[in-house]
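Engineer: The numbers in the sequence shown follow this note's numbering, run straight up by one, and end at 286.
Built from N, CA and C at the ideal position, the CB exists for glycine as well.
No experiment lies behind these values; they were computed from the predicted model shown.
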Amino acid sequence: MQNIHEKVFSLVQIETRTTAQILEHLLVVDRSQLYLEKGCKSLIDYCIKFLKYSEGSAKRRVDCMRLIRKLPEVKKHIENQQLNMTTASQAWGFLQHEKEQNPKDVVTKILGQTSRQAEKTLLELAPPDSSFRRKSRLRRATSTDWDLTVTITDE
């Protein structure tokens with residue numbers, strides 16, 4: 132059974148390199164707005180409609196691509212698996228709320244962390260009155276039902 136473990140590990144390495152290459156190509160598509168050629172109104176729309184990613188997968192990739200645009204070294208962190216798509220997306224979301232934070236410092240603090248650890252780290256970095264701390268999300272679940280997600284922080 133050792134052979135299967137080595138094969139899976141090898142495939143994950145290929146997947147990681149491929150993901151980094153996809154993010155590089157998405158930078159080009161976004162920079163030149165090439166998604167318009169496919170009748171898409173945005174890069175996320177392109178990822179969903181043309182590349183057939185789920186909404187969540189598309190958002191993570193676009194967030195990650197934007198973080199790479201801001202900090203090119205993020206690509207290396209993804210390639211060496213110090214950052215994954217989820218933690219990179221979390222960092223991008225945090226930086227959108229906390230504009231005064233140093234992006235390089237934020238990324239450095241979450242390197243090697245799981246998504247839960249990264250979320251905790253980012254919450255600790257956010258000031259008490261930050262909009263990043265006050266999260267709520269309302270989305271339509273069905274034609275008649277809504278999902279409400281609320282994050283409450285103990286102070």
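1. Run through the DSSP bridge pairs and tell me what residue 270 is partnered with.
2. Using 8 Å as the threshold, is the stretch 233-244 in touch with the stretch 188-202, meaning 3 or more CB pairs across them?
3. Using the Cα positions of residue 149 and residue 177, report the straight-line distance between them to the nearest angstrom.
4. In its own chain, which residues sit with a C-beta less than 7 Å from the C-beta of residue 226, not counting the 5 before and 5 after it?
5. If I follow the unbroken alpha helix (DSSP H) through residue 192, where does it start and stop?
6. Any contact of the stretch 133-146 with the stretch 159-178, i.e. 3+ C-beta pairs under 8 Å?
7. Which word fits residue 272, buried or exposed, when buried means at least 16 other C-beta atoms lie within 10 angstroms of its C-beta?
8. Just to confirm, are residue 193 and residue 214 a CB contact at a threshold of 8 Å?
9. Please report the straight-line C-alpha distance between residue 138 and residue 274, rounded to a whole angstrom.
10. In this structure, does DSSP put residue 178 in helix, strand or coil?
11. From what residue to what residue does the alpha helix (DSSP H) around residue 78 run?
Structural biologist: The structure says:
1. 278
2. yes
3. 18 Å
4. 232, 234 and 237
5. 186-201
6. no
7. exposed
8. no
9. 44 Å
10. helix
11. There is no way to answer for residue 78, as the model of the chain reaches only from 132 to 286.
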